[in-house]
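**Student:**
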Amino acid sequence: MSSTRRLSPPERYQFGASVRSLLVPKHDPCGRFTGDDFWLAVRTPDGPATLHLCRDGDGLLATGYGPAAGWVLDRADAIAGLRDDLSAFPALAAAHPLVARLAKTFAGVRMPATGLVFRSVLRAILEQKVTGKEAHRAYRMICTQLSEPAPGPVELMLPPDPAVIAETPYWVFHPFGMEQRRTQALQRAAVVAARLERCADATEATARLVALPGIGPWTAAEVVRVAYGDPDAVSVGDFHIPNTVAWALAGEARGTDERMLELLTPFAGHRGRVCDLFGHGGIGAPKFGPRMTIRSFARF
């Protein structure tokens, strides 16, 4: 079963840069992007579905597959970032010449909003305090070993069912490189996943998330930026972002969370978007010292 919908992106819309962040780099069992085609398998309140977005002249053609094809098609424009409102941002961006330049260069990049909280919770918790390589490996293994195939014509896996995550014993996660702390945080979130999915907005979701042991402001911001397309969500507690912001906005090689938030004050309402722009522009603070090492919990 499938159905389609045509979407009309704004002028200069950048398809790949807008949707690629929804996928784990290099290989995501739950999605695929090939330049003109984007596939995303999701577990919705109405059941499983797969969304396909492809270029169609000046527009995008959205096709939904599976029992929840209608649900995913209703949100197709949000998932593509087309509900992202930048109307107030140019005036704010003018407060700093670098931000103004990046805002103009990447004006076609929009923030997606999946409307799905636990999907982002899974990825954010896996990325707590470890390297990206470790987190992405764990994500791939969880999605391939604790889930089932997604509907549609391409081979994708659905994100895992929160009930399965909650009921799976810790020793199953251990070979994935998951220590007990992150596993317990993930399982606590899985137990209340239905309640998290019913949150009306990013503010309510943030409050519910940080009330869970093992989830702090960094994880909550990572979640609501994707689930709700919150342009103001700042990942407080990140290893790199405070330094990046301090370097980009003040020429300071190192920064604290407090300094980062101070420098981002002129961009209130779009502080997370400014941080994303630095990423799109390849802006980074000078690096000193060794990189974080990759550990193997499976051997502990």
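In the working numbering, the protein residues as written are 4 to 303. Glycine included, each C-beta is placed from N, C-alpha and C at the ideal position.
#1: Assess contact between the stretch 103-121 and the stretch 138-149, defined as three or more Cβ pairs (one per stretch) separated by less than 8 Å. Is contact present?
#2: Ignoring anything shorter than 3 residues or poking outside the stretch 79-118, list the beta strand (DSSP E) runs there in chain order.
#3: Quick one: what's got a C-beta closer than 6 Å to V167's C-beta in the same chain, skipping five residues either side?
#4: Expressed to the nearest angstrom, what Euclidean distance is found between the alpha-carbon atoms of T66 and T53?
#5: Of all the options R23, S24, H30, which has the alpha carbon lying nearest to the alpha carbon of H139?
#6: Between the C-alpha atoms of D86 and G62, what's the straight-line distance to the nearest angstrom?
#7: Does the beta-carbon of E225 have 16 or more other beta-carbons within 10 angstroms, so that it is buried, or is it exposed?
#8: Determine the contact status of T117 and I82, defining contact as a CB-CB distance below 7 Å.
#9: Here's the rule: buried if 16 or more other CB atoms are within 10 angstroms of the residue's CB, otherwise exposed. What is H243?
#10: Can you tell me whether A301 is helix, strand or coil according to DSSP?
#11: When burial is assigned at 16 or more other CB atoms within 10 Å of the CB, is S238 buried or exposed?
#12: With distances taken from CA atoms, which of V45, P12, G287, Y16 is nearest P163?
#13: To the nearest angstrom, report how far apart Y68 and P28 are at their CA atoms.
**Tutor:** With the structure as the only source:
#1: Here the stretch 103-121 makes no contact with the stretch 138-149; the two share fewer than three CB pairs at distances below 8 Å.
#2: Contiguous beta strand (DSSP E) elements confined to the stretch 79-118 do not occur, taking only those with 3 or more residues.
#3: Once the five neighbours on either side are set aside, the close Cβ partners of V167 are L149.
#4: If you draw a straight line from the Cα of T66 to the Cα of T53, it comes to about 8 Å.
#5: Selected option, being the one with the closest Cα: H30.
#6: The amino acid at residue 86 is misidentified as Asp; the sequence shows Arg. The alpha-carbon of R86 is positioned some 15 Å away from that of G62.
#7: Buried is the call here.
#8: Cβ distance < 7 Å, so T117 and I82 count as in contact.
#9: By the neighbour-count criterion, in which a residue is buried when 16 or more other Cβ atoms sit within 10 angstroms of its Cβ, H243 is exposed.
#10: Only weak support exists for where A301 lies, its pLDDT of 49 falling under 50; the coordinates are left without a value.
#11: Residue environment: S238 is assigned as buried (16 or more neighbouring CB atoms within 10 Å of its CB, all protein chains considered).
#12: Ranking V45, P12, G287, Y16 by Cα distance to P163 puts V45 first.
#13: If you take the alpha carbons of Y68 and P28, they lie about 24 Å apart.
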